[in-house]
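For the sequence shown, my numbering assigns the number 7 to the initial residue and increments by one for each residue that follows.
Have a look at the structure below before the remarks.
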Amino acid sequence: MLYTEFIKVAQSGATMDGREIAPQDLRDIAESYSPSTYEAVIWPEHERFFGNHGTVTAVEARENGELVELYAKFKPGWRFLEKNKEGQKLYSSIEIWDNFGKSGKAYLAGIAITDTPASLGTEQIRLFTAQRTKQSEQAGNFYTGVELPSFFAAAAQPDEQKPEAYSLFQRLGAALFGSNSTEPETQEESMTEEQFNQLLGALTDTKSAVDGLAGKFDSQQAAPEPEPEPAKAEPENNFSAQLEPLVSSMTKLSEQFGSMAQRMEGAAGGTNVPENANPASGNALI
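This is how it looks when you write it as C-alpha coordinates:
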(Lines of atoms letter the chains of each structure in order from A and count residues from 1; the text may use other names and numbers.)
(Lines give C-alpha, C1' and ligand atoms only; values in the text may rest on other atoms or scores of the structure.)
Protein backbone atom coordinates (compact mmCIF):
# COMPACT_ATOMS: atom_id res chain seq x y z
CA MET A 1 0.00 0.00 0.00
CA LEU A 2 1.25 3.49 -0.85
CA TYR A 3 1.39 6.36 1.68
CA THR A 4 2.83 9.86 1.79
CA GLU A 5 4.73 11.64 4.52
CA PHE A 6 3.06 14.53 6.34
CA ILE A 7 2.05 17.31 3.95
CA LYS A 8 0.94 20.77 5.03
CA VAL A 9 -2.74 21.14 4.11
CA ALA A 10 -3.82 24.32 5.96
CA GLN A 11 -2.80 27.05 8.38
CA SER A 12 -4.75 29.30 10.73
CA GLY A 13 -5.61 32.88 9.89
CA ALA A 14 -7.15 34.59 6.89
CA THR A 15 -7.78 32.66 3.68
CA MET A 16 -7.33 34.00 0.16
CA ASP A 17 -11.07 34.77 -0.12
CA GLY A 18 -11.34 36.61 3.21
CA ARG A 19 -12.58 33.84 5.49
CA GLU A 20 -10.88 32.87 8.73
CA ILE A 21 -9.48 29.53 9.93
CA ALA A 22 -9.53 29.41 13.72
CA PRO A 23 -6.33 28.07 15.34
CA GLN A 24 -8.37 26.02 17.81
CA ASP A 25 -10.22 24.27 14.98
CA LEU A 26 -6.91 22.94 13.64
CA ARG A 27 -5.84 21.87 17.12
CA ASP A 28 -9.17 20.07 17.63
CA ILE A 29 -8.82 18.31 14.28
CA ALA A 30 -5.34 17.04 15.13
CA GLU A 31 -6.44 15.92 18.58
CA SER A 32 -9.67 14.14 17.61
CA TYR A 33 -8.99 12.73 14.15
CA SER A 34 -9.22 8.93 13.97
CA PRO A 35 -9.76 6.95 10.75
CA SER A 36 -11.48 4.22 12.75
CA THR A 37 -14.01 6.78 14.03
CA TYR A 38 -14.58 8.64 10.75
CA GLU A 39 -12.09 8.44 7.91
CA ALA A 40 -11.68 11.57 5.83
CA VAL A 41 -11.79 10.91 2.10
CA ILE A 42 -9.89 12.75 -0.65
CA TRP A 43 -12.11 14.34 -3.32
CA PRO A 44 -11.32 16.21 -6.54
CA GLU A 45 -12.39 19.86 -6.08
CA HIS A 46 -14.80 18.80 -3.28
CA GLU A 47 -16.93 17.02 -5.91
CA ARG A 48 -18.37 13.58 -5.08
CA PHE A 49 -19.50 12.78 -8.61
CA PHE A 50 -16.11 11.53 -9.87
CA GLY A 51 -15.45 9.14 -6.99
CA ASN A 52 -12.91 9.41 -4.20
CA HIS A 53 -9.17 9.75 -4.86
CA GLY A 54 -7.87 8.24 -1.64
CA THR A 55 -8.08 8.67 2.14
CA VAL A 56 -6.37 10.52 4.99
CA THR A 57 -4.49 8.22 7.36
CA ALA A 58 -3.26 10.71 9.98
CA VAL A 59 -3.13 14.42 10.85
CA GLU A 60 -1.09 16.55 13.24
CA ALA A 61 -0.94 20.20 14.25
CA ARG A 62 2.29 22.20 14.53
CA GLU A 63 2.73 25.53 16.25
CA ASN A 64 4.66 28.04 14.15
CA GLY A 65 4.75 31.34 15.98
CA GLU A 66 1.27 32.84 15.82
CA LEU A 67 0.17 30.28 13.26
CA VAL A 68 -1.15 26.78 13.74
CA GLU A 69 -0.35 24.53 10.79
CA LEU A 70 -2.20 21.33 9.95
CA TYR A 71 -0.38 18.42 8.32
CA ALA A 72 -1.89 15.22 6.90
CA LYS A 73 -0.73 11.86 5.56
CA PHE A 74 -2.45 10.56 2.41
CA LYS A 75 -3.16 7.12 1.05
CA PRO A 76 -3.66 8.14 -2.60
CA GLY A 77 -5.70 6.15 -5.10
CA TRP A 78 -4.83 5.61 -8.74
CA ARG A 79 -6.87 8.64 -9.87
CA PHE A 80 -4.83 10.79 -7.49
CA LEU A 81 -1.59 9.33 -8.87
CA GLU A 82 -2.58 10.00 -12.47
CA LYS A 83 -3.52 13.62 -11.82
CA ASN A 84 -0.40 14.31 -9.77
CA LYS A 85 1.89 12.80 -12.38
CA GLU A 86 0.35 15.15 -14.98
CA GLY A 87 0.86 18.12 -12.65
CA GLN A 88 -2.83 18.54 -11.82
CA LYS A 89 -4.56 19.06 -8.43
CA LEU A 90 -1.33 19.87 -6.60
CA TYR A 91 -2.72 21.42 -3.41
CA SER A 92 -5.08 20.61 -0.55
CA SER A 93 -8.32 22.17 0.65
CA ILE A 94 -9.65 20.88 3.98
CA GLU A 95 -13.31 20.30 4.87
CA ILE A 96 -13.97 21.25 8.53
CA TRP A 97 -16.93 19.70 10.36
CA ASP A 98 -18.03 21.88 13.29
CA ASN A 99 -19.31 20.24 16.48
CA PHE A 100 -18.51 16.76 15.22
CA GLY A 101 -20.71 14.14 16.88
CA LYS A 102 -21.96 16.80 19.35
CA SER A 103 -18.47 16.90 20.82
CA GLY A 104 -18.20 20.66 20.57
CA LYS A 105 -14.96 20.25 18.60
CA ALA A 106 -14.05 20.56 14.93
CA TYR A 107 -13.20 17.48 12.89
CA LEU A 108 -11.66 16.78 9.48
CA ALA A 109 -14.58 15.67 7.31
CA GLY A 110 -12.57 15.41 4.09
CA ILE A 111 -9.82 16.91 1.95
CA ALA A 112 -10.04 18.08 -1.63
CA ILE A 113 -7.17 18.17 -4.09
CA THR A 114 -7.26 21.37 -6.12
CA ASP A 115 -5.14 23.90 -7.96
CA THR A 116 -6.82 26.83 -6.14
CA PRO A 117 -6.60 26.24 -2.36
CA ALA A 118 -8.33 28.69 -0.03
CA SER A 119 -5.85 28.36 2.83
CA LEU A 120 -2.56 30.18 2.66
CA GLY A 121 0.73 28.33 3.06
CA THR A 122 -0.41 24.94 1.70
CA GLU A 123 2.36 22.64 0.51
CA GLN A 124 2.52 21.37 -3.05
CA ILE A 125 1.81 17.66 -3.27
CA ARG A 126 4.59 15.86 -5.16
CA LEU A 127 4.12 12.12 -5.35
CA PHE A 128 6.82 11.73 -8.03
CA THR A 129 10.29 13.26 -7.84
CA ALA A 130 13.63 12.67 -9.52
CA GLN A 131 15.63 13.68 -6.46
CA ARG A 132 16.35 11.28 -3.62
CA THR A 133 16.34 12.82 -0.17
CA LYS A 134 17.12 11.59 3.29
CA GLN A 135 13.42 10.93 3.87
CA SER A 136 13.18 8.84 0.70
CA GLU A 137 15.11 6.04 2.37
CA GLN A 138 12.33 5.45 4.86
CA ALA A 139 10.07 2.48 4.21
CA GLY A 140 6.64 3.42 2.95
CA ASN A 141 7.77 6.89 1.91
CA PHE A 142 6.43 7.97 -1.43
CA TYR A 143 9.36 10.28 -2.13
CA THR A 144 11.58 7.48 -3.40
CA GLY A 145 12.46 9.06 -6.71
CA VAL A 146 11.11 6.03 -8.59
CA GLU A 147 8.73 6.70 -11.46
CA LEU A 148 6.17 3.92 -11.13
CA PRO A 149 5.52 3.52 -14.88
CA SER A 150 9.27 3.08 -15.50
CA PHE A 151 9.27 -0.08 -13.39
CA PHE A 152 6.50 -1.68 -15.43
CA ALA A 153 8.12 -0.54 -18.66
CA ALA A 154 11.11 -2.71 -17.76
CA ALA A 155 9.01 -5.79 -18.46
CA ALA A 156 9.28 -5.09 -22.18
CA GLN A 157 13.09 -4.94 -22.16
CA PRO A 158 15.38 -7.88 -22.99
CA ASP A 159 16.47 -9.91 -19.97
CA GLU A 160 20.05 -8.65 -20.09
CA GLN A 161 18.82 -5.01 -19.99
CA LYS A 162 16.25 -5.40 -17.20
CA PRO A 163 17.18 -3.79 -13.87
CA GLU A 164 18.17 -6.03 -11.02
CA ALA A 165 15.10 -5.00 -9.01
CA TYR A 166 12.79 -6.19 -11.76
CA SER A 167 14.59 -9.55 -12.01
CA LEU A 168 14.23 -9.99 -8.26
CA PHE A 169 10.48 -9.37 -8.40
CA GLN A 170 10.19 -11.68 -11.40
CA ARG A 171 11.90 -14.53 -9.54
CA LEU A 172 9.80 -13.88 -6.44
CA GLY A 173 6.60 -13.98 -8.47
CA ALA A 174 7.64 -17.23 -10.13
CA ALA A 175 8.31 -18.81 -6.73
CA LEU A 176 4.94 -17.75 -5.34
CA PHE A 177 2.64 -18.21 -8.32
CA GLY A 178 4.62 -20.29 -10.77
CA SER A 179 6.10 -19.21 -14.03
CA ASN A 180 3.62 -18.16 -16.69
CA SER A 181 6.18 -17.91 -19.46
CA THR A 182 5.51 -20.01 -22.52
CA GLU A 183 7.87 -21.29 -25.15
CA PRO A 184 7.52 -19.51 -28.47
CA GLU A 185 5.61 -21.49 -31.04
CA THR A 186 7.73 -22.95 -33.86
CA GLN A 187 6.96 -21.65 -37.30
CA GLU A 188 5.60 -24.10 -39.84
CA GLU A 189 7.65 -24.86 -42.96
CA SER A 190 6.60 -23.05 -46.11
CA MET A 191 4.86 -25.04 -48.89
CA THR A 192 6.98 -26.12 -51.84
CA GLU A 193 5.94 -25.56 -55.45
CA GLU A 194 5.32 -29.30 -55.92
CA GLN A 195 3.05 -29.43 -52.87
CA PHE A 196 1.17 -26.39 -54.13
CA ASN A 197 0.57 -27.99 -57.55
CA GLN A 198 -0.71 -31.18 -55.89
CA LEU A 199 -3.12 -29.21 -53.76
CA LEU A 200 -4.31 -27.22 -56.77
CA GLY A 201 -4.93 -30.44 -58.74
CA ALA A 202 -6.94 -31.95 -55.91
CA LEU A 203 -9.10 -28.85 -55.72
CA THR A 204 -9.65 -28.93 -59.49
CA ASP A 205 -10.79 -32.59 -59.37
CA THR A 206 -13.16 -31.80 -56.53
CA LYS A 207 -14.70 -28.93 -58.48
CA SER A 208 -15.23 -31.16 -61.54
CA ALA A 209 -16.98 -33.80 -59.41
CA VAL A 210 -19.27 -31.21 -57.88
CA ASP A 211 -20.13 -29.78 -61.31
CA GLY A 212 -21.01 -33.31 -62.56
CA LEU A 213 -23.36 -33.95 -59.66
CA ALA A 214 -25.03 -30.62 -60.21
CA GLY A 215 -25.66 -31.46 -63.89
CA LYS A 216 -27.26 -34.82 -63.03
CA PHE A 217 -29.49 -33.18 -60.48
CA ASP A 218 -30.68 -30.60 -63.01
CA SER A 219 -31.51 -33.28 -65.63
CA GLN A 220 -33.57 -35.33 -63.16
CA GLN A 221 -35.81 -32.50 -62.17
CA ALA A 222 -39.43 -33.10 -63.33
CA ALA A 223 -40.95 -30.75 -65.87
CA PRO A 224 -43.49 -28.41 -64.35
CA GLU A 225 -47.10 -29.51 -64.72
CA PRO A 226 -49.13 -27.43 -67.19
CA GLU A 227 -51.57 -25.06 -65.63
CA PRO A 228 -55.21 -26.20 -65.96
CA GLU A 229 -57.25 -24.35 -68.54
CA PRO A 230 -59.99 -22.20 -67.14
CA ALA A 231 -63.44 -23.79 -67.33
CA LYS A 232 -65.52 -22.60 -70.23
CA ALA A 233 -68.50 -20.58 -69.30
CA GLU A 234 -71.85 -22.21 -69.92
CA PRO A 235 -73.74 -20.80 -72.94
CA GLU A 236 -76.28 -18.21 -72.02
CA ASN A 237 -80.01 -18.96 -72.37
CA ASN A 238 -81.84 -18.19 -75.59
CA PHE A 239 -82.56 -14.51 -76.02
CA SER A 240 -86.12 -15.21 -77.03
CA ALA A 241 -86.66 -17.22 -73.85
CA GLN A 242 -85.53 -14.22 -71.80
CA LEU A 243 -87.95 -11.91 -73.63
CA GLU A 244 -90.97 -14.15 -73.22
CA PRO A 245 -91.88 -13.05 -69.62
CA LEU A 246 -91.44 -9.40 -70.61
CA VAL A 247 -93.80 -9.74 -73.61
CA SER A 248 -96.40 -11.46 -71.45
CA SER A 249 -96.31 -8.63 -68.91
CA MET A 250 -96.64 -6.01 -71.63
CA THR A 251 -99.69 -7.80 -73.03
CA LYS A 252 -101.46 -7.79 -69.66
CA LEU A 253 -100.75 -4.09 -69.18
CA SER A 254 -102.12 -3.31 -72.63
CA GLU A 255 -105.36 -5.16 -71.89
CA GLN A 256 -105.84 -3.34 -68.57
CA PHE A 257 -105.21 0.02 -70.22
CA GLY A 258 -107.79 -0.66 -72.95
CA SER A 259 -110.43 -1.62 -70.38
CA MET A 260 -109.84 1.56 -68.40
CA ALA A 261 -110.10 3.72 -71.52
CA GLN A 262 -113.51 2.23 -72.44
CA ARG A 263 -114.91 2.94 -68.96
CA MET A 264 -113.75 6.55 -69.02
CA GLU A 265 -115.36 7.18 -72.41
CA GLY A 266 -118.83 6.15 -71.05
CA ALA A 267 -118.71 8.29 -67.90
CA ALA A 268 -120.21 11.85 -67.65
CA GLY A 269 -117.79 14.73 -67.23
CA GLY A 270 -116.91 15.58 -63.61
CA THR A 271 -118.46 12.37 -62.23
CA ASN A 272 -116.31 10.04 -60.19
CA VAL A 273 -116.49 6.61 -61.69
CA PRO A 274 -115.78 3.66 -59.36
CA GLU A 275 -113.36 1.09 -60.53
CA ASN A 276 -115.98 -1.69 -60.24
CA ALA A 277 -119.78 -2.02 -60.48
CA ASN A 278 -120.41 -2.83 -56.83
CA PRO A 279 -122.11 -0.13 -54.61
CA ALA A 280 -119.90 2.03 -52.31
CA SER A 281 -119.59 1.08 -48.72
CA GLY A 282 -121.28 3.13 -45.98
CA ASN A 283 -117.98 4.46 -44.59
CA ALA A 284 -117.25 6.28 -47.83
CA LEU A 285 -120.49 8.31 -47.62
CA ILE A 286 -120.08 11.66 -46.07
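For glycine and all other residues, C-beta sits at the position ideal for the given N, C-alpha and C.
Model, not experiment: these values are computed from the prediction.
By the three-class DSSP mapping on this structure, what secondary structure does Ile131 have? Locating residue 131 in the sequence shown gives position 125, counting from the first residue. Looking at Ile131 - three-state DSSP - the assignment turns out to be coil, as it is neither helix nor strand.
Helix, strand or coil: which one does DSSP assign to Gly116? Reading the sequence shown from its first residue, position 110 is the one you call residue 116. Gly116 falls in the strand class under three-state DSSP.
Gln144, DSSP secondary structure in three states: Taking the sequence shown and counting its residues from 1, one reaches residue 144 at position 138. Low per-residue confidence applies at Gln144: pLDDT is 48, beneath 50, and the placement is therefore not dependable enough to give any value.
Thr212 versus Asn203: straight-line alpha-carbon distance, rounded: Position 206 of the sequence shown holds residue 212. Position 197 of the sequence shown holds residue 203. For Thr212 and Asn203, the distance between alpha carbons rounds to 14 Å.
Please report the straight-line C-alpha distance between Gln94 and Gly107, rounded to a whole angstrom. Mapped onto the sequence shown, residue 94 falls at position 88. Mapped onto the sequence shown, residue 107 falls at position 101. So the two alpha carbons sit approximately 34 Å from each other.
What's the C-alpha gap between Glu200 and Glu88? Along the sequence shown, read from residue 1 onward, the residue named residue 200 stands at position 194. Along the sequence shown, read from residue 1 onward, the residue named residue 88 stands at position 82. If I take the Cα positions, the gap works out to 59 Å.
Under 8 Å: do the stretch 12-23 and the stretch 39-51 share three or more Cβ pairs, one atom per stretch? The stretch 12-23 is not in contact with the stretch 39-51.
Provide the residue(s) that pair with Thr61 in DSSP beta bridges, ordered along the chain. Position 55 of the sequence shown, counted from the first residue, corresponds to residue 61. Paired residues: Val47 and Lys81.
Within this structure, are the beta carbons of Lys81 and Phe12 separated by less than 7 Å? Position 75 of the sequence shown, counted from the first residue, corresponds to residue 81. Position 6 of the sequence shown, counted from the first residue, corresponds to residue 12. Result no, Cβ atoms of Lys81 and Phe12 do not sit closer than 7 Å.
Of the residues Asp121, Arg33, Glu261 and Leu205, the one placed nearest Gly110, counting alpha carbons only: One-based indexing of the sequence shown puts residue 110 at position 104. Comparing Cα-Cα distances from Gly110 to each of Asp121, Arg33, Glu261 and Leu205, the minimum goes to Arg33.
Can you check which of these residues, Leu73, Glu72, Ile27 and Phe86, is closest to Tyr9 by C-alpha distance? Residue numbering aside, residue 9 sits at position 3 when the sequence shown is read from its first letter. It is Phe86 whose Cα lies nearest to the Cα of Tyr9.
Please state if the CB of Ala36 and the CB of Ala67 are separated by a distance shorter than 7 Å. Here residue 67 refers to the residue found at position 61 of the sequence shown. Here residue 36 refers to the residue found at position 30 of the sequence shown. Less than 7 Å separates the beta-carbon of Ala67 from that of Ala36.
How close, in whole Å, do the beta carbons of Ile102 and Ala115 come, if the pair is a contact with beta carbons under 8 Å? As a working note, residue 102 is residue 96 in the sequence shown. As a working note, residue 115 is residue 109 in the sequence shown. Indeed they touch by this definition, with Cβ atoms about 7 Å apart.
Quick check on Ser125: buried or exposed, where buried means 16 or more other Cβ atoms within 10 Å of its Cβ? Within the sequence shown, residue 125 is the residue found at index 119, counting from 1. The residue in question, Ser125, is buried, as its Cβ has 16 or more Cβ neighbours within 10 Å.
Once DSSP output is grouped into helix, strand and coil, what is the label at Ala124? Taking the sequence shown and counting its residues from 1, one reaches residue 124 at position 118. The DSSP-derived three-state label of Ala124 is coil.
Which one of Gly218, Asp31 and His52 has the shortest CA to CA distance from Tyr113? If you number the sequence shown from 1, residue 113 lands on position 107. For Tyr113, the nearest C-alpha among the options comes from Asp31.
Are the beta-carbon atoms of Ala118 and Glu51 separated by less than 7 Å? Translated into positions along the sequence shown, residue 118 becomes position 112. Translated into positions along the sequence shown, residue 51 becomes position 45. Cβ distance < 7 Å, so Ala118 and Glu51 count as in contact.
Below 7 Å between beta carbons: does that hold for Gly134 and Lys91? Here residue 134 corresponds to residue number 128 of the sequence shown, with the count starting at 1. Here residue 91 corresponds to residue number 85 of the sequence shown, with the count starting at 1. Just to set this straight, residue 134 is Phe in the shown sequence, not Gly. Closer than 7 Å, so yes.
Give the DSSP-derived three-state secondary structure of Gln94 in the structure shown. Numbered from its first residue, the sequence shown carries residue 94 at position 88. Of the three classes helix, strand and coil, the one that applies to Gln94 here is coil, per DSSP.
Return the residue from the list Pro29, His59, Gly221 and Ser99 that minimises the CA-CA distance to Leu73. By 1-based counting over the sequence shown, the position of residue 73 is 67. Ranking Pro29, His59, Gly221 and Ser99 by Cα distance to Leu73 puts Pro29 first.
Thr128 burial status per 10 Å Cβ neighbour count (16 or more: buried): Translated into the one-based positions of the sequence shown, residue 128 becomes position 122. Buried.
Applying the 10 Å Cβ sphere with the 16-neighbour rule, what's the burial state of Leu206? By one-based count along the sequence shown, residue 206 stands at place 200. Exposed is the call here.
Taking the alpha carbon of Ser40 as the reference point, which residue from Met256, Thr61, Ala215 and Ala247 has its own alpha carbon closest? Numbered from its first residue, the sequence shown carries residue 40 at position 34. Per the Cα distances, Thr61.
Using DSSP's beta-bridge definition, name the partner residues of Ser99. Residue 99 sits at position 93 when you count from the first residue of the sequence shown. The bridge partners DSSP lists for Ser99 are Ala118.
Quick check: what's the CA-CA separation for Asn58 versus Trp84? Within the sequence shown, numbered from 1, the residue matching residue 58 stands at position 52. Within the sequence shown, numbered from 1, the residue matching residue 84 stands at position 78. Between the C-alpha atoms of Asn58 and Trp84 there is a straight-line separation of about 10 Å.
Can you tell me the Cα-Cα spacing of Glu69 and Thr21, whole angstroms? The residue given as residue 69 occupies position 63 in the sequence shown. The residue given as residue 21 occupies position 15 in the sequence shown. Between Glu69 and Thr21, the C-alpha separation is close to 18 Å.
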